[in-house]
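**Q**
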DNA sequence: AAATGAATTGAACACCTGTTTAATTGCAAC
DNA sequence: GTTGCAATTAAACAGGTGTTCAATTCATTT
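Now the structure itself:
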C-alpha cells in the first residue's frame, strides 16, 4: 500500500533538485560532482540515484522544467490587446520571470552544451517555441524590420538583464522593466 | 647562445593556445582535460607545462589576450566624427570583431566563473573598460535614457549575435551589421 | 511486536584529474 | 663527433569521477 502522507522520498526529491540547481549555477555542471550535491542534501552519493537515473537527467530535468514553466507562465499571463500592449506585456513578463529565476536561467543558457544531443533537441525546441511568441507579437506590430533578427535582438537584450541586475541595486525590478519597455518600444518603432 | 631561428617551443606555443581555445569553446573549461589538449597538439600531457604554468593560466591568457585585442582593435579603429557616426562605427566594429572570434568570445562569456578571483578581477576590469567606450559614446549622443542601462542593453543585444549568426546563413556579415546599426539608432533616438 | 518494503549507507568499480619529475630524445653549436 | 641544453616522454602521485550494489537502517502497517 502507498503511504498516506509524503514518503521521505517525496520530501527529498525537491531538495536534490534545489541543491543541483544552486550548485550547477554556481560552479557549472561539469565542475560539480554527485558527491557535492549529495553533501548539500545531507546524504551519501549513492542515495541520489533514487531521485535521478543519472547526473545528465538531473541537468536536463532542471532545464526542461524551467522552460516548461516559462511557456506555461506566459500562456497564463499573455494578455489580449493591441500588438504594442502585448509587446509591453511580454517585455515586463520576461524580465520579471527571469529575475525571479536567475539560477535556472543561468543554467539554461550556460549548460546547453552539456546536454546529450537528444536532450539538447528538446530544450532547443522549447526555446524556439518561446522565441516564436515574441516573433508573432513583433509581426503583429508590423515593424518594417527583419522579424527573426529583431526577435533575437530583443530577446538577447532582455535576457542580458540577468547578467547585471542585482536586488537592492540602483534600480528596482519595476524601474528596470519600465526602462526596457521604453527601449523596446523605440526599437520596433518605424524609422523617422 | 640563443638559437638563431625559432625554437620548437616557439612554434608549439601557438598550437597549444589554439587547441585550448577550440576545446574550451567546444566542451567547456572544466570538461576538457590537459590530456585532451595535449592529444590535440600531438604531445604528451606533461609537455604542456613548458607552455603554461597550469590549466588556469591557459584559460586566463586566452581571455586576457582576447580582451586586450578587443580594446586595442577599437583604439585603432575608433573614428572621429559626430556621436551618431561613432555609435554606428562601434556597432559595426563590435559585430565584425566578434564574428571573427566566435570561440574566444564564447569562452570569455562562459568561463568567467572558472577564473580565480584575481584573474576574474583583471578580465572584469577590461570588460568594464570596453563598456565605458560605448557608454561614453551614448552619453555624447545625448540620449535622454539611463546611460548605464542602455549601454548594457545595447551590448547584450550586439553580443547576442554570436549565439545565432552562422557563416553562409540567410544574412551575411554586412547585412547583419547594417540591421543592428538600424536597431541601435532607433534605440537611442528620443521618444516621439 | 513482528513484518514489510522503502530509503540509505559504505564500499567497491574502473577510470580520469592536474601536476611533477627522472630519464630520454633531438638538435644546434663548437 | 662531442658537448650541452631544450624539448619530450613515461610513469607516478594523490585524489576525484559517475555509478552500482549487497547490506543495513528506518518507518510504517498489520
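Residue numbers (the numbering used here), protein chains in the order written: chain E, 3 to 194; chain B, 3 to 194.
Positions of the beta carbon are idealized from the N, C-alpha and C atoms, including for glycine.
Every value quoted in this text rests on a predicted model; they were computed, and no experiment measured them.
Using CA atoms only, rank isn't needed, just tell me which of E:50, E:26 and E:25 is closest to residue 15 of chain E.
**A** Comparing Cα positions, the closest option is E:50.
**Q** Among E:18, E:159, E:172 and E:132, which residue has its Cα nearest to the Cα of residue 77 of chain E?
**A** Of the candidates E:18, E:159, E:172 and E:132, the one whose C-alpha sits nearest the C-alpha of residue 77 of chain E is E:132.
**Q** Quick one, which of E:21, E:94 and E:114 has its alpha-carbon nearest residue 176 of chain E's?
**A** The option with the nearest alpha carbon to residue 176 of chain E is E:94.
**Q** Got a sec: is the Cβ-Cβ distance from residue 118 of chain B to anything in chain E below 8 Å?
**A** Not an interface residue.
**Q** Going straight from the alpha carbon of residue 153 of chain E to that of residue 155 of chain B, what length do you get?
**A** Computed Cα separation, rounded: 14 Å.
**Q** With H, G and I counted as helix, E and B as strand and the rest as coil, what does DSSP make of residue 102 of chain B?
**A** Residue 102 of chain B falls in the coil class under three-state DSSP.
**Q** Within the continuous alpha helix (DSSP H) that includes residue 63 of chain B, where are the two ends?
**A** Residues 57 to 79.
**Q** Smallest Cα separation from residue 183 of chain E: which of E:124, E:114, E:115 and E:97?
**A** Closest option to residue 183 of chain E, Cα to Cα, is E:97.
**Q** Does any C-beta atom of chain B lie closer than 8 Å to the C-beta of residue 9 of chain E?
**A** No, residue 9 of chain E lies away from the interface with chain B (no Cβ there is under 8 Å from its Cβ).
**Q** Are there 16 or more other CB atoms within 10 angstroms of the CB of residue 83 of chain E, so buried, or fewer, so exposed?
**A** Per the 10 Å Cβ criterion, exposed.
**Q** Using a Cβ-Cβ cut-off of less than 7 Å, list which residues of the region 76 to 105 of chain E approach chain B; keep chain order.
**A** The region 76 to 105 of chain E vs chain B, Cβ under 7 Å: nothing.
**Q** With a threshold of 8 Å on Cβ separation, who are the neighbours of residue 109 of chain E within its own chain once the five nearest residues in sequence on each side are excluded?
**A** Cβ neighbours of residue 109 of chain E beyond the five flanking positions: 23, 26, 27, 31, 61, 64, 65 and 68.
**Q** Which residue's Cα is closest to the Cα of residue 142 of chain E: E:120, E:158 and E:88?
**A** Closest option to residue 142 of chain E, Cα to Cα, is E:88.
**Q** Drop a sphere of 10 angstroms on the beta-carbon of residue 174 of chain B, count the other beta-carbons inside from all chains shown, and report buried for 16 or more, exposed for fewer.
**A** Looking at its Cβ environment, which holds fewer than 16 other Cβ atoms inside 10 Å, residue 174 of chain B is exposed.
**Q** How about residue 9 of chain B and residue 52 of chain B: are their beta carbons less than 8 Å apart?
**A** In this structure, residue 52 of chain B does not lie closer than 8 Å to residue 9 of chain B by Cβ.
**Q** What residues of chain B sit near residue 154 of chain E, judged by a beta carbon separation below 7 Å?
**A** Result: 162 and 166.
**Q** Find the residues of chain E that neighbour residue 189 of chain B, judging by a C-beta separation of less than 8 Å, and give them in chain order.
**A** Those within 8 Å of residue 189 of chain B in chain E are 185, 188 and 189.
**Q** Tell me, please, whether the region 112 to 132 of chain B touches the region 35 to 49 of chain B by the rule of three or more beta-carbon pairs shorter than 8 Å.
**A** Taking 8 Å as the limit for Cβ pairs, the verdict is that the region 35 to 49 of chain B does not touch the region 112 to 132 of chain B.
**Q** Helix or strand or just coil, what does DSSP make of residue 28 of chain B?
**A** In this structure, residue 28 of chain B counts as helix in the three-state DSSP scheme.
**Q** Quick check: residue 189 of chain E and residue 189 of chain B, are their CB atoms within less than 8 Å of each other?
**A** In contact: residue 189 of chain E and residue 189 of chain B (Cβ atoms closer than 8 Å).
**Q** List the residues of chain E whose Cβ lies closer than 9 Å to the Cβ of residue 181 of chain B, in chain order.
**A** Residues of chain E passing the Cβ test: 147, 148, 151, 152 and 155.
**Q** Going along the region 106 to 135 of chain E in order, which residues come within less than 8 Å of chain B, judged by CB to CB distance?
**A** So the close ones are 112, 115 and 116.
**Q** Could you list which residues in chain E have their beta carbon closer than 7 Å to that of residue 159 of chain B, in chain order?
**A** Those are 155, 158 and 159, listed as they occur along chain E.
**Q** Which class does residue 111 of chain E belong to by DSSP, given the choice of helix, strand or coil?
**A** Three-state result, residue 111 of chain E: helix.
**Q** Taking the alpha helix (DSSP H) that residue 169 of chain B falls in, what are its first and last residues?
**A** Neither: residue 169 of chain B is in no alpha helix (DSSP H) and is coded neither H nor E.
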